[in-house]
């Protein structure tokens, strides 16, 4: 760990638990109203970060002897698609009953004594595309390894600072959403504006800290 200007440089896996999805069998899917569990697939993760829990396949928990608890989607979990549409990221903001991640999705449980899950979610969405491009330069990337995700390095500021960033981004997102209700034609423009400011915030965080490190080395 490296403490810099109140922030800590950490690998994601040092303050999070990561779980790859379970291989649910199609023969165990239910077609009636007796559904007990829901299977969250890559298609359930939308580009805006939302997760569609209602349009999911159902299954009976009794068909599996495996303990599925680590695959359960809980409040504040981050989901990343590790195959197919690589790098799609969703955030579970509420409690969902008996929803489990399918193969091809990695679940991130952030240890909240060091970081706010929503802050990490925003952070990851701001840098995942650049990270994927770097990975693709080294190999033909068709699958993201859970271990590679766990080694992503992030600069973690104090919780109070994380909270300010989360509140700002959520407020800005709400403003953009309100504009879209009145002016639907503005939707794409507002989305691009929101993404720009979100990415700029995290880029500014990293650049300022790196400049501080260089200054200290020159002394």
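Numbering (the numbering used here), first residue to last: 6 to 224.
By construction, the Cβ of each residue, glycine as well, lies at the ideal position given by its N, Cα and C atoms.
- Residue 94: not part of any alpha helix (DSSP H); member of the beta strand (DSSP E) spanning 94-96, first to last residue.
- Shown here, residue 169 sits in a helix according to DSSP, grouped into three states.
- Looking from the CA of residue 135, the closest CA among 207, 13, 106 belongs to 207.
- Secondary structure of residue 12 (DSSP, three-state): strand.
- By the C-beta density criterion, residue 93 is buried, having at least 16 other C-beta atoms within 10 angstroms.
- In this chain, the alpha helix (DSSP H) harbouring residue 155 covers 151-155.
- Apart from sequence neighbours up to five positions away, the residues of its chain that approach residue 131 with a beta-carbon distance below 7 Å are 203, 204, 207, ordered along the chain.
- C-alpha of residue 73 to C-alpha of residue 27: approximately 8 Å in a straight line.
- Residue 78 holds the alpha-carbon nearest to the alpha-carbon of residue 50 among 103, 139, 151, 78.
- Excluding five sequence positions before and after residue 174, the CB atoms of its chain that fall closer than 7 Å to its own CB belong to 127, 203, given in chain order.
- Within its own chain, the residues whose Cβ lies closer than 7 Å to the Cβ of residue 75, once the five positions on either side in sequence are excluded, are 24, listed in chain order.
- Annotation: the continuous beta strand (DSSP E) that includes residue 21 extends over 21-25.
- With a cutoff of 8 Å on beta-carbon distance, residue 121 and residue 164 are scored as near each other.
- Between the segment 42-58 and the segment 97-107 there are three or more inter-stretch CB-CB distances shorter than 8 Å, so the stretches are counted as touching.
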